[in-house]
Amino acid sequence: MNKQLYTILLLVMVVVSYFHIQPVVLGLSAVVIFMPLKNHFAAIKVIRLFALLMVPVLLGLIIGLHNDTYLVFKDLYYFTMPVFIILSGILLACHMEIGQFLKTLVYAGVVTSIMVTAISVSYMGVGALADPYAAHYAIGIVGTPGPPVALACLLLTKKLDIKLFSTFWFRFFVAINTLGIYMFASRSYFIITLCFLILMIADRIKKSWIIPVIAVIAMIDMVIPSDLFKTSSSSTFTDKIINSFGEVTIGNYSTEQDINLRYRGYETFMALNSYAEGTEPEQLFGGLGKLVDLKTFIHLGEDADFRYIPVLHNGWMYLLVKTGITGVLTYLLVFFGLIVTNWRKYTQFANPPIIRLFAALNIGCVISLLITNYIITSFFNVEMSVLMVTLGYSFYYINYLSAIQNDYEY
Numbered sequence: 410m411n412k413q414l415y416t417i418l419l420l421v422m423v424v425v426s427y428f429h430i431q432p433v434v435l436g437l438s439a440v441v442i443f444m445p446l447k448n449h450f451a452a453i454k455v456i457r458l459f460a461l462l463m464v465p466v467l468l469g470l471i472i473g474l475h476n477d478t479y480l481v482f483k484d485l486y487y488f489t490m491p492v493f494i495i496l497s498g499i500l501l502a503c504h505m506e507i508g509q510f511l512k513t514l515v516y517a518g519v520v521t522s523i524m525v526t527a528i529s530v531s532y533m534g535v536g537a538l539a540d541p542y543a544a545h546y547a548i549g550i551v552g553t554p555g556p557p558v559a560l561a562c563l564l565l566t567k568k569l570d571i572k573l574f575s576t577f578w579f580r581f582f583v584a585i586n587t588l589g590i591y592m593f594a595s596r597s598y599f600i601i602t603l604c605f606l607i608l609m610i611a612d613r614i615k616k617s618w619i620i621p622v623i624a625v626i627a628m629i630d631m632v633i634p635s636d637l638f639k640t641s642s643s644s645t646f647t648d649k650i651i652n653s654f655g656e657v658t659i660g661n662y663s664t665e666q667d668i669n670l671r672y673r674g675y676e677t678f679m680a681l682n683s684y685a686e687g688t689e690p691e692q693l694f695g696g697l698g699k700l701v702d703l704k705t706f707i708h709l710g711e712d713a714d715f716r717y718i719p720v721l722h723n724g725w726m727y728l729l730v731k732t733g734i735t736g737v738l739t740y741l742l743v744f745f746g747l748i749v750t751n752w753r754k755y756t757q758f759a760n761p762p763i764i765r766l767f768a769a770l771n772i773g774c775v776i777s778l779l780i781t782n783y784i785i786t787s788f789f790n791v792e793m794s795v796l797m798v799t800l801g802y803s804f805y806y807i808n809y810l811s812a813i814q815n816d817y818e819y
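Using my numbering, you'd call the opening residue of the sequence shown number 410 and step up by one each time.
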């Protein structure tokens with residue numbers, strides 16, 4: 410099979426995820442998964458760690474059998490999505506060489522950076538370059554973290570002396586992907602970018618600093634009032650960043666204005682309330698198809714008001730309501746386990762550069778998903794498919810391919 414086919418499939422997958430077209434992204438993932446391959450079943454078995462994520466889902470399915478059938482299958486669809494996309498990343502590792510995969514990630518970032526810039530300028534004119542958030546808001550909520558992942562690939566390969574491109578193209582691609590991150594004007598993408606940038610220096614941070622730093626951050630979070638991070642409007646990206654702290658502050662807000670300004674915090678509060686009101690089996694295992702009662706009608710779509718909602722912005726609350734505490738703990742154990750094991754590989758300077766690179770990409774993808782899941786249900790959102798594919802590829806290479814490959818040059 411022509412290797413360029415997989416480059417095209419991955420590129421198209423990232424571009425389509427820009428528009429959040431779930432059926433096409435999952436269809437392309439299915440094509441990758443079911444492409445003929447020697448020892449196909451052995452490769453698919455590598456997903457068994459991530460298959461553990463489906464155990465609490467099946468338990469939640471049993472508890473939720475009495476709920477609306479459509480809603481049950483809708484939840485089952487969302488919970489299957491991350492496992493399915495990660496599996497496509499694992500299978501890509503069997504079809505694509507390292508250099509081909511990394512370069513494709515960079516090209517995907519370049520393409521989506523050019524797309525968002527061109528579309529923004531076409532909507533708002535050249536003024537979009539000065540105010541990308543206004544253009545982003547006018548276009549609608551679309552995007553993909555392709556540029557942050559591409560920038561991470563470029564900077565990490567540079568740090569580890571892995572040559573992907575000549576100096577000219579390296580600088581050019583860094584500039585284009587940085588522009589793309591800026592033009593997306595997305596808080597989530599800035600968080601993802603920051604996660605990877607911190608990794609650039611994290612391997613040299615003394616272990617003794619970690620606990621004090623976490624303690625200081627936690628103390629600051631408790632001492633500083635959320636109202637300090639609040640502006641009277643969200644007309645600019647700066648306002649949106651400042652308001653972010655207030656928006657996610659959990660509370661039982663009573664006025665329509667407070668609910669609208671801090672909807673995500675209110676939604677989280679009502680989800681916790683719904684969870685607390687459940688039976689003991691529901692608190693342990695959740696219940697697929699369960700709805701969260703907002704106790705008031707909220708305008709959440711075009712010409713639509715909802716009181717009962719099936720999906721939440723906060724992916725951790727979505728997990729808690731649908732799969733109980735079992736689901737939340739399973740996700741935390743699996744993904745924090747990945748961070749711990751890959752951190753050792755990344756910080757071991759004796760390891761081959763390519764191992765350290767994929768360990769860093771693995772950690773960056775996992776931390777990005779864990780954090781943004783609190784804001785945009787990133788585990789269950791095809792927008793984040795490039796992170797999940799990269800996670801699958803890096804996981805397979807580190808744990809399986811590297812054991813049988815001794816040649817790290819490409």
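The C-beta atom is built at its ideal place from N, Cα and C for all residues, glycine as well.
Item to complete: Could you check how far apart the C-beta atoms of LEU563 and VAL583 are, in whole angstroms? I think they sit under 8 Å.
Response: Residue 563 sits at position 154 when you count from the first residue of the sequence shown. Residue 583 sits at position 174 when you count from the first residue of the sequence shown. Going by Cβ atoms, the distance from LEU563 to VAL583 rounds to 5 Å, so yes, they are a contact pair.
Item to complete: Pick helix, strand or coil for ILE707, following the three-state DSSP scheme.
Response: Sequence index remark: in the sequence shown, residue 707 carries index 298 (1-based). Looking at ILE707 - three-state DSSP - the assignment turns out to be strand.
Worksheet item: Skipping 5 residues on each side, what residues in its chain have a beta carbon closer than 7 Å to that of GLN692?
Response: Counting from 1 along the sequence shown, the entry for residue 692 is found at position 283. Counting only Cβ-Cβ distances below 7 Å, and skipping sequence neighbours, we find TYR684, GLY733, ILE734.
Worksheet item: In terms of alpha-carbon separation, which member of VAL551, PHE510, PHE706 lies closest to TYR675?
Response: Along the sequence shown, read from residue 1 onward, the residue named residue 675 stands at position 266. Ranking the options by Cα distance to TYR675, first place goes to PHE706.
Item to complete: Please state whether DSSP places VAL455 in a helix, a strand or coil.
Response: Along the sequence shown, one-based indexing puts residue 455 at 46. Helix.
Discussion item. Along the chain, where does the alpha helix (DSSP H) containing LYS483 start, and where does it finish?
Written reply: Counted from its first residue, the sequence shown places residue 483 at position 74. Run containing LYS483: 478-504, per the alpha helix (DSSP H) assignment.
Discussion item. Using a 10 Å radius around the Cβ and a threshold of 16 neighbouring Cβ atoms, would you call ILE614 buried or exposed?
Written reply: Translated into the one-based positions of the sequence shown, residue 614 becomes position 205. ILE614 is exposed by the Cβ-count criterion.
Discussion item. So, for THR756: in the same chain, excluding its five sequence neighbours on each side, which residues have a beta-carbon less than 6 Å away from its beta-carbon?
Written reply: Here residue 756 corresponds to residue number 347 of the sequence shown, with the count starting at 1. Same-chain partners within the cutoff: ASP612.
Fill in: C-beta atoms of LEU573 and THR513 nearer than 7 Å
Here the question's residue 573 lines up with position 164 in the sequence shown. Here the question's residue 513 lines up with position 104 in the sequence shown. No, these two residues do not count as a Cβ contact at 7 Å.
Worksheet item: So what does DSSP say about LEU804, is it helix, strand or coil?
Response: Counting from 1 along the sequence shown, the entry for residue 804 is found at position 395. What sits at residue 804 in the sequence shown is Phe, not Leu. In this structure, PHE804 counts as helix in the three-state DSSP scheme.
Worksheet item: Under the three-state reduction of DSSP, which class applies to PHE715: helix, strand or coil?
Response: As a position in the sequence shown, residue 715 is number 306, starting the count at 1. Residue state, collapsed to three classes: strand.
Discussion item. I believe LEU779 touches THR799 by the beta-carbon criterion, under 8 Å. Please report the beta-carbon distance rounded to the nearest angstrom.
Written reply: Against the sequence shown, residue 779 aligns to sequence position 370. Against the sequence shown, residue 799 aligns to sequence position 390. The pair is not a contact, with the Cβ atoms about 15 Å apart (cut-off 8 Å).
Discussion item. Here's the rule I'm using: 16 or more other beta-carbon atoms within 10 Å means buried, otherwise exposed. How should SER597 be labelled?
Written reply: Counting from one through the sequence shown, the residue named residue 597 turns up at place 188. SER597 should be labelled buried.
Worksheet item: What is the rounded straight-line gap between the Cα of ALA539 and the Cα of TYR805?
Response: What you label residue 539 is simply residue 130 of the sequence shown in a count that begins at 1. What you label residue 805 is simply residue 396 of the sequence shown in a count that begins at 1. Whole-angstrom Cα-Cα distance: 42 Å.
Worksheet item: Between the stretch 508-525 and the stretch 584-596, do three or more beta carbon pairs fall short of 8 Å?
Response: yes
Worksheet item: Would you report the Cα separation of PRO690 and MET797, rounded to the nearest angstrom?
Response: Numbered from its first residue, the sequence shown carries residue 690 at position 281. Numbered from its first residue, the sequence shown carries residue 797 at position 388. Each residue's alpha carbon lies about 31 Å from the other.
Worksheet item: Expressed to the nearest angstrom, what Euclidean distance is found between the alpha-carbon atoms of VAL730 and LYS699?
Response: Working through the sequence shown from its first residue, we reach residue 730 at position 321. Working through the sequence shown from its first residue, we reach residue 699 at position 290. Rounded to the nearest angstrom, the two C-alpha atoms are 7 Å apart.
Worksheet item: Based on the DSSP output, what are the partners of ASP702 in its beta bridges?
Response: Position 293 of the sequence shown holds residue 702. Paired residues: TYR717.
Practice prompt. Run the CB neighbour count on ASN411, radius 10 Å, all protein chains shown included, and call it buried at 16 or more, exposed below.
Written response: Numbered from 1 along the sequence shown, position 2 holds the residue referred to as residue 411. ASN411 comes out exposed.
Worksheet entry | Helix, strand or coil at GLY473 according to DSSP, with G and I counted as helix | Translated into the one-based positions of the sequence shown, residue 473 becomes position 64. Coil.
Item to complete: From the DSSP output, in three-state form, read off GLU792 for me.
Response: As a position in the sequence shown, residue 792 is number 383, starting the count at 1. It is helical.
Worksheet item: Does the separation of the CB atoms of GLY536 and SER595 fall below 7 Å?
Response: Residue 536 sits at position 127 when you count from the first residue of the sequence shown. Residue 595 sits at position 186 when you count from the first residue of the sequence shown. Going by C-beta atoms, GLY536 is not nearer than 7 Å to SER595.
Discussion item. Quick check on the DSSP output: the alpha helix (DSSP H) that includes GLY555 runs from which residue to which?
Written reply: Along the sequence shown, one-based indexing puts residue 555 at 146. Per DSSP, GLY555 belongs to the alpha helix (DSSP H) from 555-568.
Discussion item. My output table needs one value for THR735: the three-state DSSP class, helix, strand or coil.
Written reply: Here residue 735 corresponds to residue number 326 of the sequence shown, with the count starting at 1. Three-state DSSP puts THR735 in a helix.
Worksheet entry | Span of the alpha helix (DSSP H), counted from its first residue to its last, around GLN413 | Counting from one through the sequence shown, the residue named residue 413 turns up at place 4. Looking at the DSSP string, the run of the alpha helix (DSSP H) that includes GLN413 is 413-427.
Practice prompt. Answer with buried or exposed for THR576, where buried requires no fewer than 16 other C-beta atoms within 10 angstroms of its C-beta.
Written response: Translated into positions along the sequence shown, residue 576 becomes position 167. Exposed.
Worksheet item: From ILE528 to MET592, what does the alpha carbon distance come to, in whole angstroms?
Response: On the sequence shown, position 119 is the one that residue 528 refers to. On the sequence shown, position 183 is the one that residue 592 refers to. About 10 Å.
Practice prompt. Count the other CB atoms, across all protein chains shown, that sit within 10 Å of the CB of HIS475; report buried if there are 16 or more and exposed otherwise.
Written response: Numbered from its first residue, the sequence shown carries residue 475 at position 66. Exposed: under 16 other Cβ atoms inside 10 Å.
Worksheet item: With 16 other CB atoms within 10 Å as the buried threshold, where does PRO451 fall?
Response: Position 42 of the sequence shown, counting from 1, holds the residue named residue 451. Sequence inspection shows Ala at residue 451; the Pro mentioned does not correspond to that position. Answer is exposed; the Cβ neighbour count stays below 16.
Discussion item. For a test of the three-state rule: what should DSSP assign to ALA759, helix, strand or coil?
Written reply: Taking the sequence shown and counting its residues from 1, the one referred to as residue 759 is at position 350. Coil, per DSSP.
Discussion item. So, for MET463: in the same chain, excluding its five sequence neighbours on each side, which residues have a beta-carbon less than 8 Å away from its beta-carbon?
Written reply: Walking along the sequence shown from the start, residue 463 turns up at place 54. Contacts found: PHE488, THR489, VAL492.
Fill in: Continuous alpha helix (DSSP H) stretch holding ARG580: start and end
Here residue 580 refers to the residue found at position 171 when the sequence shown is read from its first residue. Its alpha helix (DSSP H) spans residues 576-593.
Discussion item. For LEU738 and LEU437, I'd like the C-alpha separation in whole angstroms.
Written reply: For the purposes of this step, residue 738 is taken as the residue at position 329 of the sequence shown. For the purposes of this step, residue 437 is taken as the residue at position 28 of the sequence shown. Using only the alpha carbons, I get a separation of about 30 Å.
Worksheet item: Helix, strand or coil: which one does DSSP assign to ASN771?
Response: Indexing the sequence shown from 1 puts residue 771 at position 362. Correct three-state label for ASN771: helix.
Worksheet item: Got a sec, what are the start and stop residues for the alpha helix (DSSP H) VAL519 sits in?
Response: Here residue 519 corresponds to residue number 110 of the sequence shown, with the count starting at 1. That run of the alpha helix (DSSP H) goes 507-533.
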